[in-house]
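Under the working numbering, the first residue of the sequence shown is numbered 240, with each subsequent residue one higher. Idealized CB from N, CA, C, for every residue including glycine. As C-alpha cells, the structure follows; a few thoughts come after it.
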Amino acid sequence: MEGRNKETHWVAEGTIASVGQAMATKNIKLADGVRYQLQDAQGNNLSEPIEAMQVITNVQSFRQLMMKYSCACLEIETKLNVLNAEFSLTNDRNPFESIHSRIKTPQSILEKMNRKGIELTVENIEKYLSDVAGVRVICSFPEDVYTVRQLLLKQDDIRLLVEKDYIAHPKENGYRSLHLIVEVPIFLSEEKRFMKVEVQLRTIAMDFWASLEHKLKYKKSVSDAERVSAELKECADASAALDLRMQQIERQIDG
Ligand code: 0O2
Numbered sequence: 240m241e242g243r244n245k246e247t248h249w250v251a252e253g254t255i256a257s258v259g260q261a262m263a264t265k266n267i268k269l270a271d272g273v274r275y276q277l278q279d280a281q282g283n284n285l286s287e288p289i290e291a292m293q294v295i296t297n298v299q300s301f302r303q304l305m306m307k308y309s310c311a312c313l314e315i316e317t318k319l320n321v322l323n324a325e326f327s328l329t330n331d332r333n334p335f336e337s338i339h340s341r342i343k344t345p346q347s348i349l350e351k352m353n354r355k356g357i358e359l360t361v362e363n364i365e366k367y368l369s370d371v372a373g374v375r376v377i378c379s380f381p382e383d384v385y386t387v388r389q390l391l392l393k394q395d396d397i398r399l400l401v402e403k404d405y406i407a408h409p410k411e412n413g414y415r416s417l418h419l420i421v422e423v424p425i426f427l428s429e430e431k432r433f434m435k436v437e438v439q440l441r442t443i444a445m446d447f448w449a450s451l452e453h454k455l456k457y458k459k460s461v462s463d464a465e466r467v468s469a470e471l472k473e474c475a476d477a478s479a480a481l482d483l484r485m486q487q488i489e490r491q492i493d494g
C-alpha cells in the first residue's frame, strides 16, 4: 500500500482504516484542507475524497491514543473520588461538588493544531497538545480549589508539568480557574504509560461565569461586544468577591 501523490491519491486495500494504518506506520503527515482520494489496488476510487480529519480519526493509532486519554481521565477521576470520600468522612464536608471529564473532539483537536501551526499527525497530537484529556473539578469555595490541588499533587505517581493560576492572576477578561497539566500513569496489558491531563479547578461561581462567557464568545452577532465584555469583567469581579464572602461565612459557621 503506498501513497503516490500525497495530496490527491492513496492506494488502499479497501478500507479507510487500512489506509490510516499504513500512514501511521510510514509516518505520513496529513495537511488540513487537502482532500484525500482513497483508491483500491487497481487504482479505482473507493469513495468521495475525504478531509484530513476524517482520515486521521480512522487511524488505529489515533483511536488508541484517545483510548489512553480516556483511561488517564478515569485515573484522575478515581484519585479525586477517593480523596473526596476520605475527606468527607474526616471533615464532614466534600472538598469538591462535582467532576466532569472530556476528551477533546477531533474537530477541536484539528482547530488547535491549525492555530498552533502544527502538522496533523497522531504523534504531534500527543507531543504538542496538553489538553486532549481534561478533567474539571468544581469546588464550593476558593480555598477548596487549593486543598484539592495539594491533595492531588501529593500523590507520588502524579507529575506536575505546568501550573497556571488564573485565580491568583485572573485573565484580563475576568476568567478565573486553576489549571494543572499533570502526567498520570496508566497501566495497559503491555505497557505503563504516562499520559497528560489538564485538570481545571474552579468554584461553582467561576464555572458559571466561564460557561456563560464561553457561550457568548461563540455567538455570531453580539451587538456592542465591547460593552458586553466590560459587563462580563464586572460580573467576574463581583462573583469573585461573593466567593470570598461566602467562604468567610462558611469559616464562621464551621468555626
Ligand atoms: P476547550 O473547548 O475548553 O477545550 P495551551 O493549551 O497551553 O497551549 P491555552 O489554550 O491558551 O494554551 O491554555 P489555557 O489558558 O490554560 O486555556 C486552556 C483552557 O482553559 C481552554 O481550552 C478553556 O477551556 C479554558 N479557558 C482559558 N481561558 C478562558 C477564557 O477566557 N474563558 C473561558 N470560558 N475559558 C477559558 P480551549 O482549548 O480554549 O477550549
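Alpha carbon of residue i to alpha carbon of residue j, nearest angstrom
i           : j           : result
residue 431 : residue 358 : 27 Å
residue 482 : residue 347 : 32 Å
residue 298 : residue 307 : 15 Å
residue 416 : residue 405 : 5 Å
residue 464 : residue 371 : 30 Å
Member of the options whose CA lies at the smallest distance from the CA of residue i
i           : options            : result
residue 353 : 395, 443, 339, 368 : 368
residue 453 : 462, 414, 477, 310 : 414
residue 334 : 417, 403, 450, 378 : 378
residue 428 : 350, 485, 310      : 310
residue 517 : 362, 385, 299, 317 : Any question about residue 517 goes unanswered here, given that the chain covers just 240 to 494.
residue 345 : 472, 302, 450      : 302
residue 411 : 381, 327, 472      : 472
residue 397 : 316, 324, 476, 343 : 316
residue 319 : 349, 394, 457      : 394
Own chain, CB closer than 6 Å to residue i, minus 5 neighbours either side, in chain order
i           : result
residue 375 : 339, 439
residue 488 : none
Assigned secondary structure, residue i (DSSP; H/G/I helix, E/B strand, else coil)
i           : result
residue 410 : coil
residue 300 : helix
residue 403 : strand
residue 358 : coil
residue 473 : helix
residue 415 : coil
residue 439 : strand
residue 422 : strand
Limits of the beta strand (DSSP E) - the one that residue i falls within
i           : result
residue 374 : 372–378
residue 332 : Segment: none, residue 332 is in no beta strand (DSSP E) and carries neither H nor E.
Own chain, CB closer than 8 Å to residue i, minus 5 neighbours either side, in chain order
i           : result
residue 399 : 392, 419, 420, 421
7 Å Cβ shell around residue i - same chain, five flanking residues per side excluded
i           : result
residue 425 : 307, 310, 311, 314, 432, 434
residue 323 : 333, 334, 335
Limits of the unbroken alpha helix (DSSP H) element including residue i
i           : result
residue 382 : 381–392
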